[in-house]
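Working notes, structure below.
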Amino acid sequence: MILIIGSTHDDVLYFESVMTRRREEKILDHFPAVFGNIFNQEVCLVEGVYSNYVSSMLTLELIHKYYVILVFAVGRCTALTRNWKLGDIAISRYTVTGDVDLMLECESRLGQIPGCPAYFVSQEDIVRYFSMQAERRINASFHHSTYVSMNSSYASRSQLDVMLSGDRAFGTNDNLVMDNALGGIAVACHFGHVPFLGVKVVSRFLDEPYTVEEYATTLRKYIDLGKAVVSTIGDIGRSDLLGGQE
643 MILIIGSTHD DVLYFESVMT RRREEKILDH FPAVFGNIFN QEVCLVEGVY
693 SNYVSSMLTL ELIHKYYVIL VFAVGRCTAL TRNWKLGDIA ISRYTVTGDV
743 DLMLECESRL GQIPGCPAYF VSQEDIVRYF SMQAERRINA SFHHSTYVSM
793 NSSYASRSQL DVMLSGDRAF GTNDNLVMDN ALGGIAVACH FGHVPFLGVK
843 VVSRFLDEPY TVEEYATTLR KYIDLGKAVV STIGDIGRSD LLGGQE
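Okay, here's the thing in structure tokens:
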């Protein structure tokens, strides 16, 4: 099974529209989920996922309950560096849990959970497969990115002074974006030994208000993004990558 996790119904709406054999369920008696098939791959869509606490719990629950081979995190993200344009696609290469700071308690780095790597790395094969589809399907720029995943939303750079120095965070300026769910997914996938990929639309910039027009731009990009994800699922199904069926 492939999981696709979003915060809002808009985040997962395209995938629901192309699924066959759909059935609905509540995960943990609360979170709406739709099960079905895309290109003969079993897929589960989950929405209403806000914060790394919830995304980690939900992802681990589904990994334990089903044979999950891949997790996609979809939706919106915020640009932290200045090379982004509204509507660009951020493909996760590295993910860091940005609001973790246990350096006074044990030997760890800012953003590192003790016993975990400093950065959670998306599987290179999945990054490559999705990037190939993005080149064909997405009418927008895309970048391999570092996701700084937090349990809070921020409106200005001044709120992030602890971690941001110019356009660097945690010692890197690798196309930085911020979200509030991918970190929890990455933690669950690390312990569940399942690959993951964040693919989100840059919907706003720090220090700038989020407008209705910007949200409309984001929604238009969801279709392109959805086509690239669906095509990647098809590629997986036609190969032996991740145990896909020939």
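Heads up: the sequence shown begins at 643 in the numbering used here, then just goes up one per residue.
Glycine is no exception: its CB is placed at the ideal position from the N, C-alpha and C atoms.
- One alpha carbon belongs to S697, the other to G678, and they sit about 21 Å apart.
- With contacts defined by Cβ atoms closer than 8 Å, V819 and V844 form a contacting pair.
- A residue is called buried when at least 16 other Cβ atoms come within 10 angstroms of its Cβ; L670 does not meet this threshold and is exposed.
- Residue burial is scored here from C-beta neighbours: F833 has fewer than 16 other C-beta atoms within 10 angstroms and is therefore classed as exposed.
- With contacts defined by Cβ atoms closer than 8 Å, V790 and L722 form a contacting pair.
- Bridge pairing for T737: F762, Y789 [DSSP].
- Remark: three or more beta-carbon pairs, one from each stretch, lie closer than 8 Å, so the segment 649-657 and the segment 678-697 are flagged as touching.
- Bounds of the alpha helix (DSSP H) holding I705 are 694-707.
- DSSP places R779 within a helical segment (H, G or I) once states are collapsed to three.
- Collapsing the DSSP output to three states places I755 in coil.
- The beta carbon of I768 lies closer than 6 Å to those of P837, L839 in the same chain, with the five residues before and after it left out.
- Sequence-distant partners of Y771 (beyond 5 residues in either direction) whose C-beta falls short of 6 Å from its own C-beta, in its chain, are T874, D877.
- Here C686 carries a strand assignment [DSSP, helix/strand/coil].
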